[in-house]
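Residue numbers (this note's numbering), protein chains in the order written: chain A, 14 to 263; chain B, 34 to 260.
Here's what the structure looks like:
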């Protein structure tokens, strides 16, 4: 396959970036999108150029590291797909493909296609955990959990924190991410002791980071590689209202 | 009360303000549309209704409430829009929808701004326009009742067309607004969300067509009368 790539190149966080065009021949349709970028980088290294920086790790769709805006879509045009699971066979021979980093004030570009997702970490640090003593595993079913709740919590826990929701939202809102992280704990007994405190702290941190506000459009849900639903955002709202009107700070 | 202030300044608190004030106006529009329908019953019925609406003391209180809620809706939307624009300082060179984006959902601020201009124009033209339903004024041949003012205004093609376009824009705004408000209230469930979405579409169409009926009817009826 032949490809024309327009890739965002930016030396560092302070530098002004621009789209640079590259030509690639002999791309196998069986390559993943990241493997195609590996081929490009090998070519650039041989030619003495700076290789394109992009995030990647597991390359099996579960780590949440890849973060490319491909052809105007987060993780490319396939649904429920991370970039590593996007294959070149879904592109046309001779196609021009634009590759950009996530665009959000809260997720600033560090270099080329790599963004700093530290804002997500700080939101989790604010309350996206349970404080519990670890030890020997409990007996199964010691804590009865309705199957429906377990399923919903598991669906929310599928969030890999890649940031596609922020990237695809016209307002760069992180509410789908935060809602998944709140839902996975709010639905389970283990999440109850810190439930209200968590909702208040995580939303506060989200607002501090400079994300936009959800306008209930649903692009995030459509682009999420793990199919996190907007019903979680409604739950986030309920959790926040509940915490606001029932939780007593000191 | 710091907690309440913090809540109202939070992203979700602002969204709730938008939803609650928006839903208030959704209910107001239904009442307004009901009143408008009296135009098609008779001139007397419509004039009687407008006299009550402009005269009753309770309505003065409601008017003040509405102005306050309207200002909250506008101020909050402006704040949210400014924050949302600031959240993406560098735009994408290429941006394609994943399929959920609609004309309605992506242009709420623009349609809202058009509605704001329209509301000012509308109040100036009718509510504070030159009309009197006072029986004493009826003897004056130049006096216009509210019905007369509406009929005269809409006999102008630009007036009638402007109103029709404005209420269609209102319909677009409501189409996204109605279902969006329920999501913001935290009401999203497989059981009833499909119904809310259908109701929202129906509501926006009924409002747009219902309000367009006045200008269209009066414009064409004076054309017929003239011919």
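Backbone N, C-alpha and C define an ideal beta-carbon position, used for all residues, glycine too.
Quick caveat: nothing in here was measured; it's all calculated off a predicted structure.
Under 8 Å, Cβ to Cβ, is there at least one residue of chain A near residue i?
i: residue 122/B; result: yes
i: residue 143/B; result: no
i: residue 40/B; result: yes
i: residue 90/B; result: no
i: residue 208/B; result: no
i: residue 101/B; result: no
i: residue 64/B; result: no
i: residue 220/B; result: yes
i: residue 60/B; result: no
i: residue 198/B; result: no
Quick one: is residue i buried, meaning 16 or more other Cβ sit within 10 Å of its Cβ, or exposed?
i: residue 112/A; result: buried
i: residue 197/A; result: buried
i: residue 191/B; result: exposed
i: residue 102/A; result: exposed
i: residue 38/B; result: exposed
i: residue 108/B; result: exposed
i: residue 212/B; result: buried
i: residue 94/A; result: buried
i: residue 218/A; result: buried
i: residue 222/B; result: exposed
i: residue 125/A; result: buried
Considering only residues of the same chain and omitting the five flanking positions on each side of residue i, which have a CB-CB separation below 7 Å?
i: residue 166/B; result: 80, 83, 84, 178, 179
Among the residues of its own chain, which have a CB less than 8 Å from the CB of residue i, if the five just before and after it don't count?
i: residue 110/A; result: 16, 17, 18, 19, 83, 84, 104
i: residue 225/B; result: none
i: residue 204/A; result: 143, 197, 198, 211
Whose Cβ in chain A lies nearer than 9 Å to the Cβ of residue i?
i: residue 125/B; result: 82, 85, 111, 113, 116, 180
So, at 6 Å on beta carbons, what are the nonlocal neighbours of residue i in its own chain, with the 5 sequence-adjacent residues on each side left out?
i: residue 257/A; result: none
i: residue 196/B; result: 248
i: residue 40/B; result: 46
i: residue 201/A; result: 166
i: residue 122/A; result: 23, 114, 128
i: residue 214/A; result: 139, 140
Specify, as a first and last residue, the run of the beta strand (DSSP E) that residue i falls within.
i: residue 21/A; result: 16–22
i: residue 82/A; result: 81–83
i: residue 27/A; result: Segment: none, residue 27/A is in no beta strand (DSSP E) and carries neither H nor E.
i: residue 110/A; result: 109–114
By the criterion of Cβ-Cβ separation under 7 Å, what are the contact partners of residue i in chain B?
i: residue 32/A; result: 126
i: residue 224/A; result: 120
Under 8 Å, Cβ to Cβ, is there at least one residue of chain B near residue i?
i: residue 7/A; result: Only positions 14 to 263 of chain A appear in this structure, which leaves residue 7/A out of reach.
i: residue 232/A; result: yes
i: residue 54/A; result: no
i: residue 193/A; result: no
i: residue 139/A; result: no
i: residue 155/A; result: no
i: residue 124/A; result: no
How is the alpha helix (DSSP H) around residue i delimited, first residue to last?
i: residue 60/A; result: First-last for residue 60/A: undefined, no H or E at that position.
i: residue 10/A; result: Nothing in the structure corresponds to residue 10/A, since chain A is present only between 14 and 263.
i: residue 97/B; result: 90–119
i: residue 64/B; result: 44–70
i: residue 188/A; result: 188–199
i: residue 257/A; result: 244–259
i: residue 192/B; result: 190–217
i: residue 117/A; result: Unbroken run through residue 117/A: none, as it is neither H nor E.
Determine the chain A residues that contact residue i at a beta-carbon separation under 8 Å, and present them in chain order.
i: residue 109/B; result: Residues of chain A passing the Cβ test: none, with the nearest at roughly 10 Å.
i: residue 213/B; result: 228, 229
Along chain A, which residues have their Cβ under 7 Å away from the Cβ of residue i?
i: residue 119/B; result: 118
i: residue 217/B; result: 229, 250
i: residue 132/B; result: 235
i: residue 45/B; result: 216, 250, 253
Is the Cβ of residue i closer than 8 Å to any Cβ of chain D?
i: residue 48/B; result: Included in the structure are the protein chains A and B, with no chain D among them.
Which residues of chain B have a Cβ atom closer than 8 Å to the Cβ of residue i, listed in chain order?
i: residue 243/A; result: 216, 221
So residue i contacts chain B; which residues on that side make the cut at Cβ distance below 9 Å?
i: residue 247/A; result: 215, 216, 217, 218, 219, 220, 221, 222, 226
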